[in-house]
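Visitor: Before I ask anything, here is the structure I am working with.
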Amino acid sequence: MHVHGHKDDCYRRFASSFIPGAAITAGEILETLWASLNKVSSQARTATLAHRAEILDDHMSDSNWKKIINMRKCLIRETAPFLCRKYREATEMEAKAQTYHDDMVTTLNVSEKETWDQEIQKAEVDRVQDYKAMDIMKTRDVKRPVATESGDAIIADGRDANEEWMRLALMIEEQQQVISIA
419 MHVHGHKDDC YRRFASSFIP GAAITAGEIL ETLWASLNKV SSQARTATLA
469 HRAEILDDHM SDSNWKKIIN MRKCLIRETA PFLCRKYREA TEMEAKAQTY
519 HDDMVTTLNV SEKETWDQEI QKAEVDRVQD YKAMDIMKTR DVKRPVATES
569 GDAIIADGRD ANEEWMRLAL MIEEQQQVIS IA
C-alpha cells in the first residue's frame, strides 16, 4: 500500500496494518500496473486533464482485458505457483512476527501490557469518528537505559533511546563500509 511510504502520520492513521482483520497486500501487484502506465506517461503529460484521465483509463481497461483473456492459462501456469509461494512466505512471516511480538511482550510488566492493550482497543474504536485516534501508535520518546560495553544500564549522556539506536546504526554502517573496502 502506498501509505507505507508516505508520511508517518498517514501511515498510523490510514494503513490497513492497524485495522483489525484487514489483510496486508503485496504492493508489487499494483506496481505492475504502474510500470505499464509509465509507457504512456509522456503522452498523458502533455494532455489536458480530461484527456489524461481518458488515456489512463483506456490503458488500465486494456490491461484488465488482457488479464481476463489470459486468466485461464495464467491461472494454471503462473498464478497457482505464485499464490502457493506467497502463502508459504506469508506463513513464515506470520511466525516470525508472532515470535517478535511474544519476545517484545515479555519485556513489559503486566500493567504496561494491559495499559497498552486498552489504549490500542480504544484507538481502534475511536478511529471510526476521528482518524487522529491512531496517533497513539506513534513512537513515544522515552528515555530508557541502554547497555554499555561493560553491561551496565545507563542513559548515555542524557540521549534518549532513539538517539542511541541511531548512533549504533551509524556505527554498524561505518563498519560495514570498512569491511566492504577491505
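In the numbering used here, the protein residues as written are 419 to 600. Quick reminder that beta carbons are idealized off the backbone N, C-alpha and C, glycines included.
1. Does the distance from the CB of Leu474 to the CB of Leu455 come in under 8 Å?
2. State the start and end residues of the unbroken alpha helix (DSSP H) segment that holds Glu472.
3. Can we say the region 429–437 touches the region 541–557, given the rule of at least three CB pairs closer than 8 Å?
4. Report all residues from its chain with a CB closer than 8 Å to the CB of Leu451; omit the five preceding and five following residues, and keep chain order.
5. Would you call Leu588 buried or exposed, if buried means 16 or more other Cβ atoms sit within 10 Å of its Cβ?
6. Could you tell me if Arg506 is buried or exposed, where buried requires 16 or more neighbouring beta carbons within 10 angstroms of its beta carbon?
7. What is the DSSP secondary structure of Asn437, counted as helix, strand or coil?
8. Is the CB-CB distance between Val523 and Lys531 below 8 Å?
9. Restricting to Cα atoms, I'd like to know which of Val546, Ile538 and Gln547 is closest to Lys556.
10. Skipping 5 residues on each side, what residues in its chain have a beta carbon closer than 6 Å to that of Asp520?
11. Pick helix, strand or coil for Leu526, following the three-state DSSP scheme.
12. Starting from Asp426, follow the alpha helix (DSSP H) in both directions and report where the run begins and ends.
13. At the level of alpha carbons, what is the spacing between Trp583 and Thr517?
14. Can you name the start and end residues of the alpha helix (DSSP H) that Arg463 belongs to?
Guide: In terms of the structure at hand:
1. yes
2. Leu467 to Ile487
3. yes
4. Met478 and Ser481
5. exposed
6. exposed
7. The amino acid at residue 437 is misidentified as Asn; the sequence shows Ile. Ile437 falls in the coil class under three-state DSSP.
8. yes
9. Ile538
10. none
11. coil
12. Asp426 to Phe432
13. 22 Å
14. Ser459 to Arg463
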